[in-house]
Each structure stands twice: as C-alpha cells, then as structure tokens.
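Residue numbers (full-length UniProt numbering): 1 to 64.
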C-alpha cells in the first residue's frame, strides 16, 4: 500500500508539473488561446489537490 501511494504521489507531482508548464507556455504566446490556458490552470488545481490528498494519505499510512 505504501509503495502504491508513493508511486501515485510521484505520478501526481509530475502530472501537475506538466500541466503547469503547458499552461505557462500557453500564457507566454501572443497568439495563445486564453480559454485553453484557463482550462490548463483549472486542471493544475485539480491535480494539485489530488496529489496533496495522496501525500496526506501516504503520511497517515507511514505513521503506523
């Protein structure tokens, strides 16, 4: 269980980073689509929340 949570937390961190970088690159383009950047930032928040929940669960499992 601990190993699975560790792997899922790592995947969540990488997914959050990827979406954040894609959103930031979209914002720097002058011809970029604002709604696409907005959608990517929403996904970043969702993924960040999931990753934090997984991390908290991992901490709870690790204590016992």
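Positions of the beta carbon are idealized from the N, C-alpha and C atoms, including for glycine. Computed from a prediction, not measured in an experiment: that's the story for all the values here.
Excluding residues up to 5 positions away in sequence, nothing lies with its Cβ nearer than 8 Å to the Cβ of residue 45 in the same chain. In this structure, the alpha-carbon of residue 63 lies about 11 Å from that of residue 56. Annotation: residue 33 is outside any alpha helix (DSSP H) and is labelled neither H nor E by DSSP.
With 16 or more other Cβ atoms inside 10 Å of its own Cβ, residue 19 counts as buried.
The Cβ-Cβ distance between residue 16 and residue 48 falls below 8 Å.
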